[in-house]
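In the numbering used here, each residue's number is its place in the sequence shown (first place is 1) plus 97.
Written out below as structure tokens is the structure these notes cover.
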Amino acid sequence: ADLLGAVRPGTVDVLLFNPPYVPTSEEEAAGGQAERDISAAWAGGPDGRVVVDRLLPDLGRLLSARGVFYLLGVRENRPDELAAQVEAQHGMRAELIAERRAQNERLFVMRFSRSQPASA
98 ADLLGAVRPG
108 TVDVLLFNPP
118 YVPTSEEEAA
128 GGQAERDISA
138 AWAGGPDGRV
148 VVDRLLPDLG
158 RLLSARGVFY
168 LLGVRENRPD
178 ELAAQVEAQH
188 GMRAELIAER
198 RAQNERLFVM
208 RFSRSQPASA
């Protein structure tokens, strides 16, 4: 199934995304998807962003005018780079809203939102 095929543009108010984010080899990520193996749940490719990078180019058109996007990831996914990419592509601002260590993973949650014009 396509990642975004069933989503109408501009209709998403809140998007929570917990993609496969663990850095793995390209082979493990592709193999998990092709074989529908349990590793597809975590295998995110070399920088853990194979699935995230598929979503980001379409993020701006998916979200409604007041839509927000929450992303769960690990430090190896380079959250600062993700924030800069989304700002450059969609004019959205990013906010790191949570960080937590879970065994050997350093998890984060980011909130992305459109810049709202100041009220008059």
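The C-beta atom is built at its ideal place from N, Cα and C for all residues, glycine as well.
Q) Within the 8 Å Cβ cut-off, does residue 155 reach chain E? A) The structure shown has no chain E; it contains just one protein chain.
**Q.** Of the residues 113, 142 and 212, the one placed nearest residue 218, counting alpha carbons only
**A.** Lying before the first or after the last residue shown, residue 218 is absent from the chain, which here runs from 98 to 217.
Q) residue 148 to residue 200, Cα distance in whole Å? A) Here the question's residue 148 lines up with position 51 in the sequence shown. Here the question's residue 200 lines up with position 103 in the sequence shown. For residue 148 and residue 200, the distance between alpha carbons rounds to 23 Å.
Q.
For residue 186 and residue 157, which I take to be in contact (beta-carbon distance under 8 Å), what is that distance rounded to the nearest angstrom?
A. For the purposes of this step, residue 186 is identified with residue 89 of the sequence shown, where counting begins at 1. For the purposes of this step, residue 157 is identified with residue 60 of the sequence shown, where counting begins at 1. Indeed, because the Cβ distance is near 7 Å, the residues count as touching under 8 Å.
Q: Work out the CA separation of residue 210 and residue 107 for me, nearest whole Å.
A: Position 10 of the sequence shown, counted from the start, is the residue given in the question as residue 107. Position 113 of the sequence shown, counted from the start, is the residue given in the question as residue 210. Rounded to the nearest angstrom, the two C-alpha atoms are 13 Å apart.
Q: Tell me, please, which residues DSSP counts as bridged to residue 195.
A: Indexing the sequence shown from 1 puts residue 195 at position 98. The partner list for residue 195 (beta bridge, DSSP) reads 206.
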